[in-house]
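2 protein chains.
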Amino acid sequence: MNAPLVAHDALRRFIEEAFVSAGLPAADAAQVAALMAEADLQGSDGHGVIRLPQYMKRLRAGGINKHPDIRVVQERAAMAVVDGDNGMGHLVVTRAVDIAIEKARSAGVAWVSTRYSNHAGPASLYARRPLQHDMLGLYFAVGNANHLPPWGGMEMLLSTNPISAGVPAGEEPPVVLDMATTVAAYGKVKALAKRGEQMPPGWMIDRNGQPLLDPQRAAEGFLVPIGGHKGYGLALIVGLLAGTLGGAAMGREVIDFNADHVSVTNTGQAILVIDLAAFGDPAQFKAAVDTLVRDIRTSERLPGVERIWLPGEQSHEKRQRHAREGIALMPVLLDELNTLAVDLGIAPLRIGTGA
Amino acid sequence: MNAPLVAHDALRRFIEEAFVSAGLPAADAAQVAALMAEADLQGSDGHGVIRLPQYMKRLRAGGINKHPDIRVVQERAAMAVVDGDNGMGHLVVTRAVDIAIEKARSAGVAWVSTRYSNHAGPASLYARRPLQHDMLGLYFAVGNANHLPPWGGMEMLLSTNPISAGVPAGEEPPVVLDMATTVAAYGKVKALAKRGEQMPPGWMIDRNGQPLLDPQRAAEGFLVPIGGHKGYGLALIVGLLAGTLGGAAMGREVIDFNADHVSVTNTGQAILVIDLAAFGDPAQFKAAVDTLVRDIRTSERLPGVERIWLPGEQSHEKRQRHAREGIALMPVLLDELNTLAVDLGIAPLRIGTGA
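Protein chains in written order, with the working numbering: chain U, 255 to 609; chain V, 255 to 609.
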């Protein structure tokens with residue numbers, strides 16, 4: 255059986271109903287569902303509907319607050335700290351980004367940190383949000399499980415703390431970077447384990463510092479940071495910016511939310527929003543980005559390379575293709591979602607992309 | 255002959271006299287000299303006095319403006335664009351950081367971009383500058399020569415665009431990251447070439463995408479970004495933030511200032527300053543950083559690893575040791591500086607660290 259296809263809107267509605275039935279307020283359920291379905295739409299399938307069963311476990315176990323009082327607890331002209339009151343991360347971060355957009359409109363630039371937030375899906379969702387306002391977004395997050403030791407170490411004190419940036423272009427798609435500070439994200443290791451395949455050298459090392467290739471043995475090893483000590487440094491700085499600065503968890507305080515569905519994670523994220531208009535004519539900036547994008551795309555390629563991609567370009571193409579053709583779900587995930595649907599007493603996920 | 259030692263203050267004074275004799279105003283010469291000598295003090299020896307002959311060439315050739323009108327050309331509560339009028343980069347960036355510090359004091363966070371700046375030495379000098387105000391610095395720069403193609407490409411459209419961060423600690427030294435977005439900076443390749451040694455695989459590739467190991471053949475190949483496509487993405491985003499956003503050069507506009515001493519480089523840098531006091535009690539933040547630093551430093555090590563370092567810790571130790579014991583200069587560099595001294599009609603660099 256091929257991977258079943260599901261329409262973006264059917265997926266969104268399914269997720270929304272699941273959250274409503276789990277007790278989330280309707281508006282909150284709709285907002286989280288829109289972001290999760292958007293993750294699948296853009297091909298960030300490790301952060302979309304695949305996370306629904308896990309979120310449901312946390313909601314049921316009381317590990318997420320269904321009626322959070324998300325509020326600003328520190329504020330100046332160009333910054334705020336948002337306390338998420340342990341609500342769904344998608345709600346907390348969206349609020350943070352929207353505050354940053356408003357503040358950047360007057361101050362030119364604004365930074366908003368979250369505390370007592372939760373896992374919020376792919377970083378690029380939030381770095382992209384300012385784009386429609388001709389603003390640039392830079393997003394940092396503390397990951398929800400530590401898989402990375404400091405360089406030379408064995409204790410996993412750091413997460414794959416991602417960096418994401420969304421940069422407006424003119425006629426070209428925006429430049430959108432979304433990267434873990436490790437060579438491979440942990441989700442990719444889990445995916446290879448499911449498929450029974452080996453990892454390439456460089457993804458993980460074992461407790462002797464030797465390459466670990468068998469993803470079934472992932473628990474015996476550690477992820478490797480990009481550029482060795484550099485990626486370790488980046489992961490640490492991202493954690494300080496997204497976690498420590500806003501009063502959120504970092505280092506030994508980070509909860510493994512895959513294993514623990516109850517403890518408050520105190521997840522931290524941070525968004526920097528830059529209003530292009532403060533720096534000059536946004537049209538001029540966007541034209542310069544277009545030129546750079548085209549210079550890169552059409553530049554000379556190494557032998558055997560078919561195409562030079564810009565960051566975010568593959569997601570952009572997936573977004574368009576998935577909107578047209580539907581989103582492919584793994585059969586095993588579909589089964590899991592339909593079991594969940596029975597459990598919640600909601601309609602199963604509607605397969606197919608026809609009318 | 256061992257590397258001759260020179261006292262930090264003698265080095266600073268030598269550089270200052272060189273710039274005065276080249277026609278820089280006394281205050282400007284003193285400021286640039288202090289920053290260049292600080293680079294050597296902290297062990298950033300690829301960016302300290304070794305650059306003096308090159309700066310002199312540019313000053314003589316008219317490629318740098320000795321009497322720049324460094325001024326703010328765009329401004330809002332939390333941002334500014336500083337036009338460096340093609341002055342020495344050290345002067346332009348210092349001005350930018352000081353404006354950001356002032357603005358962050360009221361707005362909480364501030365971003366200042368430069369345009370028509372020049373090479374300014376090691377990034378960490380500027381990311382560290384806010385530390386004394388209990389502020390955090392995040393610095394981005396466009397490198398002054400393109401050595402990096404896009405991932406899969408052969409045209410060097412990008413530089414090793416560095417990222418630097420300075421994070422205040424309490425009793426511990428600050429956490430200071432300063433990294434190129436390539437596996438090795440180009441200066442390290444040049445250093446191996448001088449010593450007649452080979453590069454490890456992973457630093458550079460040739461035009462067939464194969465590892466290039468001979469640094470004498472560096473011109474036939476390209477630097478490799480950290481994490482492959484990730485480092486390419488980072489270098490691009492850093493360039494957009496530090497260059498394009500502020501109206502500075504990026505991509506094909508970047509001048510190779512090693513080869514061209516005349517053309518205006520229009521170098522761009524950007525500094526983000528975050529005032530800890532806006533987010534809560536700075537003492538609490540710094541205590542959390544201390545805890546994290548100690549957790550990392552004392553965590554379990556891989557077999558054969560003697561010590562786990564924090565970013566910036568080695569520079570911190572060098573700064574203290576060099577202040578005490580002097581700074582070692584390569585004999586070939588010392589010869590070059592003494593030739594320069596004769597040329598400029600100033601006293602030679604005083605060797606030794608005694609009174």
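Using N, Cα and C, we set each Cβ at its ideal position, and we do this for glycine too.
Just so it is clear, the structure is predicted and the values come from calculations on it, not from any experiment.
Looking at residue j and residue i, is the spacing between their C-beta atoms short of 9 angstroms?
i, j, result
"U/A377", "U/M342", "no"
"V/V286", "V/M333", "no"
"V/M305", "V/I324", "What sits at residue 305 of chain V in the sequence shown is Arg, not Met. No, the Cβ-Cβ distance between V/R305 and V/I324 is not below 9 angstroms."
"U/V396", "U/G501", "no"
"V/V527", "V/A358", "yes"
"V/F533", "U/Q464", "no"
"V/N398", "V/F511", "yes"
"U/I562", "V/P479", "no"
"V/T521", "V/S371", "yes"
"U/G300", "U/A447", "no"
"V/V303", "V/L495", "no"
"V/S553", "U/G485", "no"
"U/V347", "U/Y380", "yes"
"V/A257", "V/P585", "yes"
"U/L488", "V/L431", "yes"
"V/V326", "V/V429", "no"
"V/F539", "U/L499", "yes"
Could you pull out every residue in the same chain whose Cβ sits closer than 6 angstroms to the Cβ of residue i, ignoring the five residues on either side in sequence?
i, result
"V/L591", "L603"
"V/L392", "A419 and L526"
"U/A264", "R604"
"U/G606", "none"
"V/F268", "L603"
"U/D282", "L345"
Quick one: what does DSSP say residue i is sitting in, helix, strand or coil?
i, result
"U/V327", "strand"
"V/D529", "strand"
"V/D339", "coil"
"V/R312", "helix"
"U/L259", "strand"
"U/A582", "strand"
"U/R604", "coil"
"U/R613", "Because residue 613 of chain U is not part of the residues shown, which for chain U are 255 to 609, the question remains open."
"U/P279", "coil"
"U/L265", "helix"
"V/N592", "helix"
"U/D597", "helix"
"U/D544", "helix"
"V/H344", "helix"
"U/K320", "coil"
"U/E560", "coil"
"V/P565", "coil"
"V/H301", "coil"
"V/D352", "helix"
"V/D535", "coil"
"U/Q253", "In the structure displayed, chain U extends from 255 to 609; residue 253 of chain U sits before or after that span and is not available."
"U/Q296", "coil"
Between residue i and the rest of its own chain, which residues show a CB-CB distance below 8 angstroms, the 5 nearest in sequence each way excluded?
i, result
"U/P307", "E590, L591 and L594"
"V/G493", "V396, L412, S413, N415, M504 and G505"
"U/A609", "Summary for U/A609: the model assigns pLDDT 49, below 50, so the residue's position carries little reliability, and this model does not support an answer."
"V/S517", "G317 and I509"
"V/G456", "V437, P465 and V478"
"U/Q452", "L446, L467, D468 and P469"
"U/N319", "D339, N340 and G341"
"V/V363", "A332, L526, V527, I528, D529 and A532"
Would you list the residues sitting across from residue i in a DSSP beta bridge?
i, result
"V/W365", "V/M333 and V/L526"
Among residues of its own chain, excluding the 5 on either side of residue i, which ones have a beta-carbon nearer than 7 angstroms to its beta-carbon?
i, result
"V/H387", "I355"
"V/P427", "G566, E567 and H570"
"U/H262", "A291, L295, H576, A577 and I581"
"U/I491", "none"
"U/G481", "none"
"U/I459", "P465, L466, G475, F476 and V478"
Residues of chain B with a CB under 7 angstroms from the CB of residue i: which are they?
i, result
"U/N462", "Absent from the structure is chain B; the protein chains it does hold are U and V."
Segments of 4+ residues assigned as alpha helix (DSSP H) that fall wholly inside the segment 369 to 450 of chain V
Within the segment 369 to 450 of chain V, the complete alpha helix (DSSP H) runs of at least 4 residues are 378 to 382 and 440 to 449.
Minimum length 4: unbroken alpha helix (DSSP H) runs contained in the segment 451 to 523 of chain V
483 to 496
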